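Undergrad:
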Amino acid sequence: MPVQGNAAPPSGSGPDEAELVRTAGQLRAAHAVGPPDLSGRPVDELVAAILSQHTSDHNSHRAFAALKRRYPRWSQVLDADAGEVADVIRCGGLADQKAPRIMALVRELPRDAGGEPTLDHLAGMEPHQAHSYLTSFAGVGPKTAACALLFAYGWPTFPVDTHVHRVARRLGWAEDRDTAEKVFEILSVCVPDYLTYDLHVGLVRHGRGVCRPRDPRCHACDLQDRCAYRAKIAGRHDDGGAVI
Ligand code: SF4
C-alpha cells in the first residue's frame, strides 16, 4: 500500500509539488483550513469515520457525541444490545447498518490490560504499516483507515472520500474513469507529507461547497484557471456542443 514519500509519481498521473503547494494555499484561504485538530484516539476516529459515511458532518458529529454519552468506554459497546446502539446513533443515518459494523469492529480490536479495546500500539508502527493493519479489520477500508490515522495522529495517509475523488478527477489529477482506490494511489505518491492534512480538508470542503457533484460553481472557484473539467466545459461552449 503506497503512502506519501519521495517516490516519483506514476508517469502521466498526478500533479507536481508546485501545483499541490499552490492548490493547498488557495484551498486553505478559501475554506479557512486551520491547524490540525488531532485527537490522539484512533479507535474514536475509526468509529467516527464509519459514522460519517453517507451523511453530513453535522449529523455524524451528533451521532458520535450521542454514542460517547451513552457508552463513555468502548468496552461498554462490546455487550450492548445492537438495537439500542442503533437507536443511539439514529440521527447519523443508516443506523441499522452502522451499529453492527461498529460493534463488530470494537469486538475485533485488541484489548489493553484493563479490557478496553485499544489501538495504542499503532504508535509503534510506520504509517504505511498502520494503514495496512487497520484495513485488516472487517469493515475498515482504505479511506476509513486513512481518516483514522490522519485525524488521530496527523499521519500522512490521504483519505479519498467522494469529494476528494470527484475534485481530483475534475482538476485533471487523475483520469475520469479512475476509481477512488486509484486516486488514493496517485495522491499517496504525489502529495508531500506536509501538505496531506491541508489538502485533504481543503478538497473535502471545496467539494462540498464549490465543486459540488451536480452543479459545480466554477465561476466562483479559485482553481478554475487550471481545471481540466472547466477547460472541457469551455471548449464545448466554443464548439457549440453539449455541456455536461
Ligand atoms: S473549476 Fe469547477 S470543476 Fe474545476 S475545481 Fe473548480 S468548481 Fe470544480
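Counting in numbering that gives the first Met the number 0, the sequence shown runs from 0 upward without gaps.
Don't be surprised by glycine CBs; every beta carbon is placed ideally from N, CA and C.
Nothing here was measured: the structure is a model prediction, and the numbers come from that model.
#1: Leaving out the 5 sequence neighbours to the left and right, which residues in its chain are closer than 6 Å to P9 when beta-carbon positions are compared?
#2: Is R110 helix, strand or coil by DSSP?
#3: Measuring from each Cβ to the nearest heavy atom of ligand 1, keep the ones under 6 Å and list them in chain order.
#4: Buried or exposed for G91, going by 16 or more other Cβ atoms inside 10 Å?
#5: According to DSSP, what are the bridge partners of P116?
#6: Please report the residue range of the alpha helix (DSSP H) in which H30 lies.
#7: Leaving out five residues on either side along the sequence, give the residues of the same chain with a beta carbon under 6 Å from the beta carbon of A179.
#8: Give a yes or no on whether the C-beta atoms belonging to L133 and R106 are separated by under 8 Å.
#9: Looking at the structure shown, is H199 part of a helix, part of a strand, or coil, going by DSSP?
#10: Determine, using beta carbons only, whether H57 comes closer than 8 Å to chain D.
#11: For G206, count neighbouring C-beta atoms within 10 Å of its own C-beta (all shown protein chains included) and say buried if the count is 16 or more, exposed if not.
#12: Are R27 and D197 closer than 8 Å when you measure CB to CB?
#13: Tell me whether S51 sits in a helix, a strand or coil according to DSSP, three-state version.
#14: Report all residues from its chain with a CB closer than 6 Å to the CB of C217; omit the five preceding and five following residues, and keep chain order.
#15: Compute the distance between the beta-carbons of L104 and L118, then report whether it is under 8 Å.
TA: Checking against the coordinates, here is how it stands:
#1: As a working note, residue 9 is residue 10 in the sequence shown. Low confidence applies here, because P9 scores a pLDDT of 44, under 50, leaving its location unreliable and the question unanswered by this model.
#2: Translated into the one-based positions of the sequence shown, residue 110 becomes position 111. Looking at R110 - three-state DSSP - the assignment turns out to be strand.
#3: Listed by chain position, these are V166, R169, L170, V209, C210, P215, R216, C217, C220, L222, Q223, C226, Y228, R229.
#4: Taking the sequence shown and counting its residues from 1, the one referred to as residue 91 is at position 92. Buried, because 16 or more other Cβ atoms sit within 10 Å of the Cβ of G91.
#5: Reading the sequence shown from its first residue, position 117 is the one you call residue 116. Beta-bridge pairing links P116 to R110.
#6: Here residue 30 refers to the residue found at position 31 of the sequence shown. It is not in any alpha helix (DSSP H) - H30 carries neither H nor E in the DSSP assignment.
#7: Residue 179 sits at position 180 when you count from the first residue of the sequence shown. V159, H164.
#8: Numbered from 1 along the sequence shown, position 134 holds the residue referred to as residue 133. Numbered from 1 along the sequence shown, position 107 holds the residue referred to as residue 106. In this structure, R106 does not lie closer than 8 Å to L133 by Cβ.
#9: Locating residue 199 in the sequence shown gives position 200, counting from the first residue. H199 carries a helical assignment under DSSP once its states are collapsed to helix, strand and coil.
#10: Chain labels in this structure do not include chain D; a single protein chain is all it has.
#11: Translated into the one-based positions of the sequence shown, residue 206 becomes position 207. When all chains shown are included, G206 counts as buried.
#12: Mapped onto the sequence shown, residue 27 falls at position 28. Mapped onto the sequence shown, residue 197 falls at position 198. Contact flag set, yes.
#13: To locate residue 51, count along the sequence shown from 1; it is residue 52. Coil.
#14: As a position in the sequence shown, residue 217 is number 218, starting the count at 1. If we look at C217 and ignore the five residues flanking it on each side, its Cβ neighbours are Q223, R229.
#15: The residue you call residue 104 lines up with position 105 of the sequence shown. The residue you call residue 118 lines up with position 119 of the sequence shown. The answer is no: Cβ separation not under 8 Å.
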